[in-house]
Structure formats: structure tokens, C-alpha cells
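For the sequence shown, my numbering gives the first residue as 155, with consecutive numbering after it.
Ideal Cβ positions, reconstructed from N, Cα and C, are used throughout, including at glycine.
Before any comments, here is the structure.
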Amino acid sequence: MNYHEDRMLYENIVFIGYFYKAYHISILRSISILVKFTNGIELFILCTNKKMFTKGSFMYANNVKIFKQWLIISTLFFGSIMMAGCDNSERDYLSLHNNSLVVDLHSDTPLRMKDGFDFSVRDTSGHMDIPRLKEGGINLQVFACFVSTDTPLEECRPIVDELIDSLEVHINHNSDQIAICRNASEAEAIINENKIAAFIGIENGVAINNSLDNLQHFYDRGVRYLTLTHSSSNDWCISSGDTLPAFNGLTDFGRDVVRKMNELGMIVDISHSSVSAFDEVLKITTAPVIASHSCVHSICPHNRNLTDEQIKAIAANGGMIGINFFDGYLSPDNEWFKIGDSLGNVYHELIDSAHEMYPNDYNKRNEMLKPVWDIMKIETEKLGINIKTIVDHIDYIVKLVGADYVGFGSDFDGVGSLPEGLDDCSMLPNITKELVMRGYSDKDIRKILGENFIRIFREVCK
Ligand SMILES: [Zn+2]
Numbered sequence: 155m156n157y158h159e160d161r162m163l164y165e166n167i168v169f170i171g172y173f174y175k176a177y178h179i180s181i182l183r184s185i186s187i188l189v190k191f192t193n194g195i196e197l198f199i200l201c202t203n204k205k206m207f208t209k210g211s212f213m214y215a216n217n218v219k220i221f222k223q224w225l226i227i228s229t230l231f232f233g234s235i236m237m238a239g240c241d242n243s244e245r246d247y248l249s250l251h252n253n254s255l256v257v258d259l260h261s262d263t264p265l266r267m268k269d270g271f272d273f274s275v276r277d278t279s280g281h282m283d284i285p286r287l288k289e290g291g292i293n294l295q296v297f298a299c300f301v302s303t304d305t306p307l308e309e310c311r312p313i314v315d316e317l318i319d320s321l322e323v324h325i326n327h328n329s330d331q332i333a334i335c336r337n338a339s340e341a342e343a344i345i346n347e348n349k350i351a352a353f354i355g356i357e358n359g360v361a362i363n364n365s366l367d368n369l370q371h372f373y374d375r376g377v378r379y380l381t382l383t384h385s386s387s388n389d390w391c392i393s394s395g396d397t398l399p400a401f402n403g404l405t406d407f408g409r410d411v412v413r414k415m416n417e418l419g420m421i422v423d424i425s426h427s428s429v430s431a432f433d434e435v436l437k438i439t440t441a442p443v444i445a446s447h448s449c450v451h452s453i454c455p456h457n458r459n460l461t462d463e464q465i466k467a468i469a470a471n472g473g474m475i476g477i478n479f480f481d482g483y484l485s486p487d488n489e490w491f492k493i494g495d496s497l498g499n500v501y502h503e504l505i506d507s508a509h510e511m512y513p514n515d516y517n518k519r520n521e522m523l524k525p526v527w528d529i530m531k532i533e534t535e536k537l538g539i540n541i542k543t544i545v546d547h548i549d550y551i552v553k554l555v556g557a558d559y560v561g562f563g564s565d566f567d568g569v570g571s572l573p574e575g576l577d578d579c580s581m582l583p584n585i586t587k588e589l590v591m592r593g594y595s596d597k598d599i600r601k602i603l604g605e606n607f608i609r610i611f612r613e614v615c616k
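So, in C-alpha cells, the structure goes:
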């Protein structure tokens, strides 16, 4: 080859050589470069993604021999990348999941803790313990201390105190692996020590027994969110399940609760609230609110889920929604509950009496309802509710308002029926896998996994 030919080749193959970073590999996108050489050789190269390309350094061949060597090496190199692309999704989603901050906004595990189980041992019952939290890559877990609206008012505070006591006992017994956080900085310090940050929430405003002093008491104990109401209304906040509301949304005291929470630096949780209560809260609050465990009403028209207007209002407020993993709230067109209804009165009566008999005892209630859940499981499996259904709800919110306002609010240990592929908290990475498969960017996945909540935690709880 003479100088002229060599020179032409040189001019046409200013080309790429860049560092391979395993992290980006799963995003094997079809950005392709066709290099047409003057000698008629065509080389078609797939790059892993734009980011890698722009990060790359240029390489050129200054003579044919070097070029040929480079051609062989790069073909092997890119070939191996393309081959690796086949199983990359699996490797990469785990890497992404495990290197991200993962938050779950709602579990009812304190109800199980109170009845005594070893939180440090991998259990076969329930949905959560320390080994399974670690397997699920969860860095911050909200433990909701639940009290039923059916509880006599004077018993509410002691019941919640007992749940917090028992949560503290379990956490203190495992202090090398988990610790309580009261603000975002504490959470980050705990997570940096490779421990799980435990966030205390209370589910149902009935807990404060109509007293702002009790709200202060729970704040002083480390509680950082309060779900204003539950399946039936309390004295000051109307529930989404209330068909005959005694007042409109919030009472004056209810409004004072929201103001006091803003003042203290406690997150207002509007899951379970009626639309009227939701509207009142959004009018008053000076801080972002959350719906800790709710889904999308447009997909599953259940009163526990949020309408498009509510989702937009939460986004405008800078808050977020934790997607609930309960089949009943995920099921398109409310089919899960329709199956329940088709089982007739026996089904509803059994559920009602279990809640009446054991309003605050998860284990006994679950034992009593096991035959119901077993029948429901057989029937509802036909609906095919799975990880994709969860991501459909996430997708809907992202398309409506963006990726900054959604996360997870599992309701683990509080529900009897979970989607296929999500038997317990250890299987949370399956959701990340589906997000990766749907082409979500790493940045958006990280927001959904946990950054959105940390933003709110930092803003509200000083
Ligand atoms: Zn709930």
C-alpha cells in the first residue's frame, strides 16, 4: 500500500476505543456506526450506549498492520459485548438495584413483632425479616404501627406505644444490622454503615386520641409519618371507604393536626383518606405529602386508589406515591374485588368478623382468614397479576407527571395476596428488572427506588 492509500485509510478510520464499564452493559442499545472504508470494507459496530460513546477516547490507525490488529481485537471485544447482551439484563438490574438506595414506604411488620418472632432469622411466614430485607436490597424500611378505628379511644395510644416498644426491642437486638432514623442525614449515616435504616410511621390518626399532645408524644418517640385515617373514618378525618361521611374531609381539629405535623416536621400520609380529606390537606399543608401505599384509580377503580387529579395534585405539592403491592389495589378494572364479591356474603362476613374480633392482632386475624385467602388465591391467580402489573401503575404515574413522584409502599405483612413474582420483600429486585426491561433510565429507576422519598424526608423532617 502506498502513502496515498495509507493516508485515505487514515482519514476514514478515526475511530473509537473506549473503556468498557460493566455497569452500562445492559443498556445495549442500538446505536450503531457504519464505517465505510475506502478499500471497500464495511464494518458495522454496535455501541453499548451514547454515554459510553461520548466517554470514549479516539483511536486511529496509522498503518494497515495496526489497523488490522485493531480490527481483530475490536471485533472480538464488541462481539463479546453483544453476546453478553443476551444475559445482561439479569446481571445489570441486580447491580443497579444493589447500588441504588431502595426505600419501602409501608410495611405492617410491627404487628407481627408484637406477637413475637425472631426478626433476625429468615422466616417462611410473613413477608419481612432482616435476611429478606437484605436480599431485597432495601436500605430504608418504614415500619407502620397500625391501630384500628374500632379500638376504644383511650386504648389507642398505649397500643401504638406497645408496637413502637416492640419495634425498638427487635431493632436493639439487631443493632449491628438495623437502626432507627429520624431524618434523612441519620438515614444516610446508618445506610453508610451498611445497616438498614428503620423509619417509624403510624397508620391511623386515631392513635393520637384527639390530642395534639399525643401527636407530640409520638414525634418525640421518633415517629415521622402519620397516616391520617384508615378503612373507616375517625373523629377528624374521613376515610376513602366512608360512604356516609359525618363531615366534610377534615374537622377543625383535623386541620390543626396537619398544621402541627408541618410544624413538627412530620410527613402527612394521605393513603386511606377520602377525596374530600385529601383536598383539605392539600389546601392546608406547607410541606410535601405522601400517599404511602396507594395505587392508580384509572387502572384499578377502587376507593383506596388515587385519581389522575389527585396524582397531579401530589406532584404539584412535591410529594409522592408509594405503589401498594396488594393484588386487590393493583388488579385492572377492580377484578380482584369482583371475584371477592362473587363469593357472596360469606366472604364479606368472614372478613368483617375477623376484623371485629381481632382489630389489632394480625396473626389471629390472618389465621382466621386463611381459608378465605386460599380460595381467593385459586380464583384470583387466573387474573395473572404480576410484577408487570405493579410496573403498569408506576408507568402510568410516570407518564402522567414524571418519575419524581412515585416509589414503593408494599403493605408487606398487612395484605393477604401479592402478585406473582413478589412473594415477599426479598423479591423486590424483580421490579427493578421490569423497569430495566421497559427501558427506564438508570436515573429514573434510582428516583423510583428511593431517591424520591429521600428528597421528601430531607425536606420535611429536619
Ligand atoms: Zn393501609
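_N- and C-terminal bounds of the beta strand (DSSP E) containing R378_ = 377-381
_Rounded to whole angstroms, what is the Cα-Cα separation between D487 and T461?_
14 Å
*Does the beta-carbon of S279 have 16 or more other beta-carbons within 10 angstroms, so that it is buried, or is it exposed?*
S279 comes out exposed.
*Going straight from the alpha carbon of G239 to that of D549, what length do you get?*
For G239, the predicted model reports a pLDDT of 46, less than 50, meaning its position is unreliable; a value from the coordinates is still stated below. Distance between the alpha carbons of G239 and D549 is about 25 Å.
*With distances taken between CB atoms, is the gap from C299 to V275 smaller than 8 Å?*
no
*Can you name the start and end residues of the beta strand (DSSP E) that S261 belongs to?*
257-261
_Boundaries of the alpha helix (DSSP H) in which M617 is found, first to last residue_ = Any property of residue 617 remains undetermined from this structure, which presents the chain solely from 155 to 616.
*Would you check whether ligand 1 has a heavy atom nearer than 7 Å to the C-beta of D565?*
yes
*Does the beta carbon of F432 sit closer than 8 Å to a beta carbon anywhere in chain D?*
Of the protein chains in the structure, only one exists, and it is not chain D.
*Can you tell me whether DSSP reads D462 as helix, strand or coil?*
helix
*asked:* Any contact between the region 538-557 and the region 497-516? By contact I mean 3 or more CB pairs, one from each, below 8 Å.
replied: no
*Going straight from the alpha carbon of I344 to that of T397, what length do you get?*
44 Å
*Kindly indicate which residue of N514, F611, E521 has the alpha-carbon position closest to the one of L317.*
N514
*Any heavy atom of ligand 1 closer than 7 Å to the Cβ of S339?*
no
*A338 and N293 look like a contact to me (Cβ under 8 Å); what is the Cβ gap, rounded to whole Å?*
So it is not a contact: roughly 12 Å between Cβ atoms.
*Anyone know if the C-beta pair for S394 and H426 falls short of 8 Å?*
yes
*Hey, how far is the Cα of V256 from the Cα of S385?*
28 Å
*asked:* Buried or exposed, going by whether 16 or more other CB atoms sit within 10 Å of the CB of M267?
replied: Burial call: buried.
_Same chain, Cβ closer than 6 Å to G355, five either side skipped, listed in chain order_ = V296, A298, Y379
_Just verifying my parser: in three-state terms, what is the DSSP assignment at F480?_
coil
*Segment limits, alpha helix (DSSP H) that includes I436*: With the sequence shown as reference, residue 436 is identified as Leu, and Ile is not the correct amino acid for it. Here the alpha helix (DSSP H) through L436 covers 429-438.
*Where V443 falls: helix, strand or coil (DSSP)*: coil
*asked:* Whole angstroms are fine: how far does the CA of F407 sit from the CA of I424?
replied: 16 Å
_So, under 8 Å CB-CB, V301 and V360 are touching, yes? Tell me the CB distance rounded to an integer number of Å._
6 Å
*Let me know if D567 comes out buried or exposed under the rule of 16 or more other beta-carbons within 10 Å of its beta-carbon.*
buried
*Contact set for D558: own chain, Cβ-Cβ below 7 Å, skip 5 residues either direction*: K601, N606
_Can you tell me whether F491 is helix, strand or coil according to DSSP?_
helix
*Between M511, A470, D389, S249, which lies nearest to N363 when the distance is taken from Cα to Cα?*
Checking every option, the nearest Cα to that of N363 belongs to D389.
*asked:* Can you list, in chain order, the residues of its chain with a C-beta nearer than 6 Å to that of K587? Leave out the 5 residues immediately preceding and following it.
replied: Y247
_Proximity to L382 [Cα-Cα], best of G473, V411, Y373_ = V411
*Do you know how far the Cα of S564 is from the Cα of D617?*
With the chain covering only 155 through 616, there is no way to say anything about residue 617.
*Host beta strand (DSSP E) of E357 (start-end)*: 350-357
*Does the distance from the C-beta atom of V560 to that of V552 stay below 8 Å?*
yes
*For my contact list, I477 and H547 are in at a C-beta cut-off of 8 Å; report their separation, rounded to the angstrom.*
Between I477 and H547 the beta-carbon gap is near 5 Å, inside 8 Å, which marks them as a contact.
*Between which two residues does the beta strand (DSSP E) harbouring G408 extend?*
No beta strand (DSSP E) holds G408; the alpha helix (DSSP H) holding it covers 406-418.
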